[in-house]
Amino acid sequence: MPVIPAANAGISEITSNPVFSPCKICLLEYTEKSLLRMLIMPKVSTNLSPKELMQRLLAIQKERGICFHSLIKNADETIRKINEINRLKKEKNAVILAHTYVIPEIIYGVGDFVGDSYALSKNAKESPQTTIVFAAVRFMGETAKIICPDKQVLVPGIEDGCTLADCINQNDVISLRKKYPNYTFVCYINTTAEVKAECDVCVTSANVNKVVANIPSDKIYFLPDKMMGQNLIADFKKNGIKKDIKYFNGTCYVHEEYTLKQLLETKKKFPNAKVIAHPECLPEVCEKCDFVGSTSQLYNYIKASTDKEILLLTECGLASRIKMEFPDKKIVGTCTFCKYMKSNTLDDILRVLTKPLKRDIVTVDEKVRVRALKCIEAMFKYAEQ
Ligand code: SF4
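Numbering (my numbering), first residue to last: 8 to 392.
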């Protein structure tokens, strides 16, 4: 990654606070000159000066219809932090994994890999570095630790929760197993290590349908995402797969926001738009979609499609990446953002690389880890059949 020019005296800071719009579903079109387009510049250009960066910021700040969540206030300082993190990465033999939902400064400034939880866990395993900085949420750091016990895993985000992973614990699963003794317990990857350890098979949003279809048992208890469980039932019904599926009551607070009413209203405004969604969305929403898939599958769908207008029902980060990486695509009708993912900052990454707090370092009890690993390995077995 190129080194970005250092601070430039005489550049005035943007002093007014950007509007941190909690833009549930903003229903505004993304503008062509987005904040993100500017933010990729440090990565691709060794010539961008802090002055140019600041000018772009000032121009962008005047625009409507972009997510201001990560609008940086001081280009000099941001550039200094990006350079320092990239220097420290080498010194500490660390790799930075950035989930698609984290802020663009991390994705395009310091991230070595960007993707969803499943893809990043594979990157964690395959990377030669001994330290993994997982810019995402805690359950993802735990998954990396389960797979790579010999590596140090650091989770920088201060708010590192997830409404799905936090809605069920080990004791809940133990009680449920007593209540449903003949059921195979299937957990979504968005669960803690302790919950995985109590379950039989893990799934991701990319492989849930295939894995559950391949499990020999016809009695499945799926946890924790109610929407994904209901979407699974709907898919099996459509495809004539007969299984008795019970599910837990958890939801992702980001994806449950999208309603059928909003979808239909946006479709009226953009009748040619292809509608694609994450399976954590409501079943009645997914039913009206042209495609439903994981973050990586949605990304690949857009990459491969010739459609120009897309109504993308998932966290803002993916819409931002699409806008940045496929500028000919017009993303309409987003976005909702995850406060947990967006809590990762460049300062947090600097902290974990220099003086990590106890809470930054992911630890998983060895007995729990071994059992959780079995649950993840069962997923690979059924996904490959
Ligand atoms: S987007 Fe939803 S599922 Fe993903 S980390 Fe945030 S709360 Fe959890």
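Ideal Cβ positions, reconstructed from N, Cα and C, are used throughout, including at glycine.
Assuming Tyr265 is part of the beta strand (DSSP E), what are its boundary residues?
The residue you call residue 265 lines up with position 258 of the sequence shown. Here Tyr265 belongs to no beta strand (DSSP E), and DSSP marks it neither H nor E.
So, helix, strand or coil for Leu55, using DSSP?
The count along the sequence shown starts at 1 and reaches residue 55 at position 48. In this predicted model, Leu55 has a pLDDT of only 47, less than 50, meaning its place in the structure is not dependable; the value taken from the coordinates is given anyway. In the structure shown, Leu55 sits in coil (DSSP, three-state: anything other than H, G, I, E or B).
Label Gln159 either buried or exposed according to how many other C-beta atoms from any shown protein chain fall within 10 Å of its C-beta, with 16 as the threshold for buried.
Within the sequence shown, numbered from 1, the residue matching residue 159 stands at position 152. The residue in question, Gln159, is buried, as its Cβ has 16 or more Cβ neighbours within 10 Å.
When you compare each of Cys296, Ser303 and Ala151 to Leu271 by their alpha carbons, which one comes out closest?
For this step, residue 271 is matched to residue 264 along the sequence shown. Nearest option by C-alpha distance: Cys296.
Rank Tyr195, Gly324, Asn238 and Lys310 by C-alpha distance to the C-alpha of Leu288 and give the top, closest one.
Here the question's residue 288 lines up with position 281 in the sequence shown. The sequence given here has Cys at residue 288, not Leu. The residue with the shortest Cα to Cα distance from Cys288 is Asn238.
Report yes or no: do three or more beta-carbon pairs, one from the region 135-146 and one from the region 96-107, lie closer than 8 angstroms?
Yes, since at least three Cβ pairs between the region 135-146 and the region 96-107 fall closer than 8 angstroms, the two stretches touch.
Nearest to Ile283 by CA position, among Lys275, Ile309 and Tyr115, is which residue?
Looking up residue 283 in the sequence shown gives position 276. Of Lys275, Ile309 and Tyr115, the residue nearest in Cα terms is Ile309.
So, with DSSP's three-state summary, where would you put Leu449?
With the chain represented from 8 up to 392, any question about residue 449 goes unanswered, as that position is not in the structure.
In this structure, does DSSP put Glu98 in helix, strand or coil?
By 1-based counting over the sequence shown, the position of residue 98 is 91. In this structure, Glu98 counts as helix in the three-state DSSP scheme.
Which partner residues does Thr191 have in the DSSP bridge list?
Within the sequence shown, residue 191 is the residue found at index 184, counting from 1. Thr191 pairs with Ile227.
Taking only the alpha-carbon atoms, compute the straight-line gap between Ile207 and Glu263 and give it to the nearest angstrom.
Mapped onto the sequence shown, residue 207 falls at position 200. Mapped onto the sequence shown, residue 263 falls at position 256. Note that residue 207 is Asp in the sequence shown, not Ile. If you take the alpha carbons of Asp207 and Glu263, they lie about 27 angstroms apart.
Kindly give me the distance between the Cβ atoms of Met386 and Asn214, rounded to whole angstroms, as I take these residues to be in contact under 8 angstroms.
In the sequence shown, counting from the first residue as 1, residue 386 sits at position 379. In the sequence shown, counting from the first residue as 1, residue 214 sits at position 207. Met386 to Asn214, Cβ: 7 angstroms. Contact.
Closer than 7 angstroms between the C-beta and any heavy atom of the ligand SF4: which residues qualify, listed along the chain?
Taking each Cβ in turn, the ones that pass are Tyr108, Val144, Cys169, Thr170, Leu171, Ala172, Asn197, Cys259, Tyr260, Val261, His262, Glu287, Glu322, Cys345, Tyr347 and Met348.
Grab the span of the beta strand (DSSP E) containing Glu316 for me, first residue to last.
Residue 316 sits at position 309 when you count from the first residue of the sequence shown. Taken as a continuous stretch (DSSP letters only), the beta strand (DSSP E) holding Glu316 covers Glu316 to Leu320.
Determine the burial state of Thr352: buried for a count of at least 16 other Cβ atoms within 10 Å of its Cβ, exposed for fewer.
The residue labelled residue 352 in the question sits at position 345 within the sequence shown. Buried.
How many angstroms separate the CA atom of Ser212 from the CA atom of His285?
Taking the first residue of the sequence shown as 1, we reach residue 212 at position 205. Taking the first residue of the sequence shown as 1, we reach residue 285 at position 278. Roughly 8 angstroms separates the two Cα atoms.
Please work out which residues of its chain come closer than 7 angstroms, Cβ to Cβ, to Arg378, disregarding the five sequence neighbours upstream and downstream, and give them in chain order.
Against the sequence shown, residue 378 aligns to sequence position 371. Excluding sequence neighbours, Arg378 sits near Ala204.
By a C-beta neighbour count over all protein chains shown, 10 Å radius and 16 as the cutoff for buried, is Asn90 buried or exposed?
One-based indexing of the sequence shown puts residue 90 at position 83. Buried, by the Cβ-count rule.
Please state if the CB of Asn176 and the CB of Val144 are separated by a distance shorter than 9 angstroms.
In the sequence shown, the residue the question calls residue 144 occupies position 137. In the sequence shown, the residue the question calls residue 176 occupies position 169. Cβ distance not < 9 angstroms, so Val144 and Asn176 don't count as in contact.
Could you tell me the boundaries of the alpha helix (DSSP H) in which Tyr389 lies?
Walking along the sequence shown from the start, residue 389 turns up at place 382. Glu373 to Ala390 is the span of the alpha helix (DSSP H), which, as asked, contains Tyr389.
Among all the DSSP beta bridges, which residues are the ones paired with Val208?
Walking along the sequence shown from the start, residue 208 turns up at place 201. Val208 pairs with Val193.
Please identify the residue among Ile165, Arg94 and Leu104 whose C-alpha is closest to the C-alpha of Pro363.
Along the sequence shown, read from residue 1 onward, the residue named residue 363 stands at position 356. Taking only the C-alpha atoms, the option nearest Pro363 is Ile165.
Report back the beta-carbon spacing between Pro163 and Val359 to the nearest angstrom; my notes put them in contact at under 8 angstroms.
For the purposes of this step, residue 163 is identified with residue 156 of the sequence shown, where counting begins at 1. For the purposes of this step, residue 359 is identified with residue 352 of the sequence shown, where counting begins at 1. Correct: roughly 5 angstroms between the Cβ atoms.
What residues in its chain sit with their C-beta under 6 angstroms from that of Ile154, if we drop five residues either side in the sequence?
For the purposes of this step, residue 154 is identified with residue 147 of the sequence shown, where counting begins at 1. Taken in chain order, the residues that qualify are Ser128 and Lys132.
Give me the Cα-Cα distance between Asp225 and Ile248, rounded to the nearest whole angstrom.
Within the sequence shown, residue 225 is the residue found at index 218, counting from 1. Within the sequence shown, residue 248 is the residue found at index 241, counting from 1. One C-alpha to the other measures close to 10 angstroms.
Could you pull out every residue in the same chain whose Cβ sits closer than 6 angstroms to the Cβ of Val299, ignoring the five residues on either side in sequence?
Reading the sequence shown from its first residue, position 292 is the one you call residue 299. These residues qualify, in order along the chain: Ala284, Pro286 and Cys293.
In angstroms, rounded to a whole number, what distance separates the CA positions of Tyr389 and Asn279?
The sequence position of residue 389 within the sequence shown is 382, counting from 1. The sequence position of residue 279 within the sequence shown is 272, counting from 1. Their backbone Cα atoms lie some 37 angstroms apart in a straight line.
For Thr199, name the three-state secondary structure that DSSP assigns.
Within the sequence shown, numbered from 1, the residue matching residue 199 stands at position 192. If DSSP states are grouped into helix, strand and coil, Thr199 belongs with coil.
Is Tyr347 near the ligand ATP, judged by its Cβ being under 8 angstroms from some heavy atom?
Absence of the ligand ATP is noted for the structure shown, with the ligand SF4 being the only ligands found.
Would the beta-carbon of Phe229 fall within 9 angstroms of that of Tyr187?
On the sequence shown, residue 229 is found 222 positions in, with the first residue counted as 1. On the sequence shown, residue 187 is found 180 positions in, with the first residue counted as 1. No, the Cβ-Cβ distance between Phe229 and Tyr187 is not below 9 angstroms.
Roughly how far, in whole angstroms, is the beta-carbon of Gly118 from the beta-carbon of Ala105, given that I think they are within contact range, below 8 angstroms?
Within the sequence shown, residue 118 is the residue found at index 111, counting from 1. Within the sequence shown, residue 105 is the residue found at index 98, counting from 1. Rounded, the Cβ-Cβ distance is 3 angstroms, consistent with contact.
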